[in-house]
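In my numbering, the protein residues as written are 1092 to 1221. First the structure, in the form of structure tokens, and then the observations on it.
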């Protein structure tokens, strides 16, 4: 998976232009699938927090990568939802109950899945050949 710099997850200024990291759609999709595959067997809190960090990093990449999301019909709502989920006061902390953190990760995963789908729709030429 493509490395995500600390700035993508900590609210620092985003890296743009030639310095921006490429989107690793496969790696992001793997994180989404892993988060959404969680069912009645609650994972350890450390695993939930790890997934939350990876998915927040992915959402931050989408927010800084492509202004086309704002032009898509559902893009404005998705951007608002992403900003809401990424706010520091919306994130679970050590005192947050495990189930609440679990639901937060699933919300992140569902939204990230929508960003992946929209990105693939608007960038079909970038899909790898099988």
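Where is the CB? At the ideal position from N, CA and C, for every residue including glycine.
Start and end residues, alpha helix (DSSP H) containing residue i
i	result
residue 1133	No alpha helix (DSSP H) holds residue 1133; DSSP gives it neither H nor E.
residue 1121	1116-1127
Rounded Cβ spacing between residue i and residue j (contact assumed at less than 8 Å)
i	j	result
residue 1160	residue 1209	6 Å
residue 1140	residue 1192	7 Å
residue 1189	residue 1133	6 Å
6 Å CB neighbourhood of residue i in its chain, flanking five on each side removed
i	result
residue 1195	1183
Own chain partners of residue i with C-beta closer than 8 Å, once the 5 adjacent residues on each side are dropped
i	result
residue 1120	1204, 1207
residue 1215	none
residue 1143	1182, 1183, 1192, 1195, 1196, 1199
Residue i versus the options, residue with shortest Cα-Cα distance
i	options	result
residue 1187	1128, 1137, 1162	1137
residue 1149	1166, 1133, 1177	1177
Contacting residues, own chain, Cβ-Cβ under 7 Å from residue i (five flanking each side not counted)
i	result
residue 1145	1122
### Query
Does the count of Cβ pairs from the segment 1149-1156 and the segment 1191-1210 closer than 8 Å reach three?
Segments in contact, yes.
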